[in-house]
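What follows is a short report on a single structure.
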Amino acid sequence: MKYKILLVAFGMLSLVSCKTVKKNSEKDSGTNDKKELVRSDKKEEIFFTEQTRNDFRAVSESAQQKFLEAYNATDKQYSILFFTQGFNGENVVVKNDNTTLYKGSILTNKKTGLAKNMRIVNTDKTSILDKATQKTIYINAEKAHKHKFIYVMKGDVNDDKPYKITFSDKLRPEK
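First residue of the sequence shown: 1, per my numbering; consecutive thereafter.
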């Protein structure tokens, strides 16, 4: 009886070791490289919702043009990123293709509803890391390229998707 158990154990051990050798030989031959890369990539978690809106009160076309000129954002490749409600002095890092655009705290002005704004290159993916929640949100270049203004609002941090990104072609007034 003891010999049968030992025989089964050795059989299973050799079967497991054969599979391990087979995987290593596949890796060495280079046939499985792409599959390994796909598995090691960390999937970006989505902590935001997106919407496109142009149906709200906006400033006049001339005021909008002056605003864009002040930020040198009249070219098609630039958009203006606004941080709006819900920011209470958190440290935020805004990156655009591994270039840091902004690093600092953001505080929403209760009277205007705005916190911070900046010019971004809308042909690159932009990432925003909120250090307080350790969550990163991403602004897709395809959507950003189609709109001149991008508004980011922060809601309840306990929600699955506490951030809301609104793409628009209209500049909202300061209330």
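Using N, Cα and C, we set each Cβ at its ideal position, and we do this for glycine too.
Owing to the predicted nature of the structure, the values given are computational and were not obtained by experimental measurement.
**Prompt:** Run through DSSP, which three-state label would Phe67 get?
**Reply:** To locate residue 67, count along the sequence shown from 1; it is residue 67. Looking at Phe67 - three-state DSSP - the assignment turns out to be helix.
**Item:** Contacts around Leu68, its chain only, beta-carbon distance under 6 Å, and the 5 residues preceding and following it disregarded
**Value:** Counting from one through the sequence shown, the residue named residue 68 turns up at place 68. Cβ neighbours of Leu68 beyond the five flanking positions: Thr74.
**Prompt:** Mind checking whether Gln77 and Thr123 have CB atoms under 9 Å apart?
**Reply:** For the purposes of this step, residue 77 is identified with residue 77 of the sequence shown, where counting begins at 1. For the purposes of this step, residue 123 is identified with residue 123 of the sequence shown, where counting begins at 1. The answer is yes: Cβ separation under 9 Å.
**Request:** Rounded to whole angstroms, what's the CA-CA distance from Ile165 to Ile137? Just pull it up for me.
**Result:** Locating residue 165 in the sequence shown gives position 165, counting from the first residue. Locating residue 137 in the sequence shown gives position 137, counting from the first residue. When rounded, the distance between both Cα atoms is 9 Å.
**Request:** Indicate whether the contact test is met: 3 or more Cβ pairs, each with one atom in the segment 94 to 102 and one in the segment 47 to 61, closer than 8 Å.
**Result:** no
**Asked** Are three or more beta carbon pairs between the segment 50 to 63 and the segment 112 to 121 nearer than 8 Å?
**Response** no
**Prompt:** Heavy atom of the ligand GDP less than 8 Å from the Cβ of Asn122, yes or no?
**Reply:** Of the ligands one can find in the structure shown there are none, so the ligand GDP has no counterpart to examine.
**Prompt:** Which one of Gln85, Ala63, Leu81, Asn54 has the shortest CA to CA distance from Gly156?
**Reply:** By one-based count along the sequence shown, residue 156 stands at place 156. The residue asked about is misnamed: residue 156 is Asp in this sequence, not Gly. Nearest of Gln85, Ala63, Leu81, Asn54 to Asp156, Cα basis: Gln85.
**Request:** Give every residue of the same chain whose Cβ lies closer than 6 Å to the Cβ of Gln64, excluding the five residues on either side of it in the sequence, and list them in chain order.
**Result:** Within the sequence shown, numbered from 1, the residue matching residue 64 stands at position 64. Closer than 6 Å at the Cβ level, and outside the excluded window around Gln64, lie Leu171.
**Request:** Excluding the 5 residues preceding and the 5 following Leu81 in the sequence, name in chain order all residues of the same chain whose CB lies nearer than 6 Å to its CB.
**Result:** Position 81 of the sequence shown, counted from the start, is the residue given in the question as residue 81. Excluding residues within five positions, the ones whose Cβ falls inside 6 Å are Met118, Ile120, Ile150.
**Item:** Of the listed residues Lys135, Leu107, Ser62, nearest to Asp160 (C-alpha basis)
**Value:** Residue mapping note: residue 160 aligns to position 160 of the sequence shown, counting from 1. Cα-wise, what sits closest to Asp160 is Lys135.
**Request:** Note down, in chain order, each residue of its chain lying with its Cβ closer than 8 Å to the Cβ of Gly89, except the 5 sequence neighbours on either side.
**Result:** The residue you call residue 89 lines up with position 89 of the sequence shown. Around Gly89: Ser105, Ile106, Leu107.
**Asked** So which of Asn140, Lys154, Ala144 has the shortest CA-CA distance to Asp169?
**Response** One-based indexing of the sequence shown puts residue 169 at position 169. Comparing Cα positions, the closest option is Ala144.
**Prompt:** Could you give the distance in angstroms between the alpha-carbon of Phe87 and the alpha-carbon of Thr100?
**Reply:** As a first step, residue 87 must be located in the sequence shown, where it is residue number 87. As a first step, residue 100 must be located in the sequence shown, where it is residue number 100. For Phe87 and Thr100, the distance between alpha carbons rounds to 20 Å.
**Asked** Within 10 angstroms of its Cβ, does Ser62 collect 16 or more other Cβ (buried), or is it exposed?
**Response** As a working mapping, residue 62 is identified with position 62 in the sequence shown. Around the beta carbon of Ser62, fewer than 16 other beta carbons sit within 10 angstroms, so the residue counts as exposed.
**Prompt:** Lys116 lies in the beta strand (DSSP E); which residues open and close that run?
**Reply:** The sequence position of residue 116 within the sequence shown is 116, counting from 1. For Lys116, the enclosing beta strand (DSSP E) begins and ends at 116 to 121.
**Request:** Give every residue of the same chain whose Cβ lies closer than 6 Å to the Cβ of Phe83, excluding the five residues on either side of it in the sequence, and list them in chain order.
**Result:** The count along the sequence shown starts at 1 and reaches residue 83 at position 83. So the list reads Ile106, Ala115, Lys116, Val152, once near-sequence residues are dropped.
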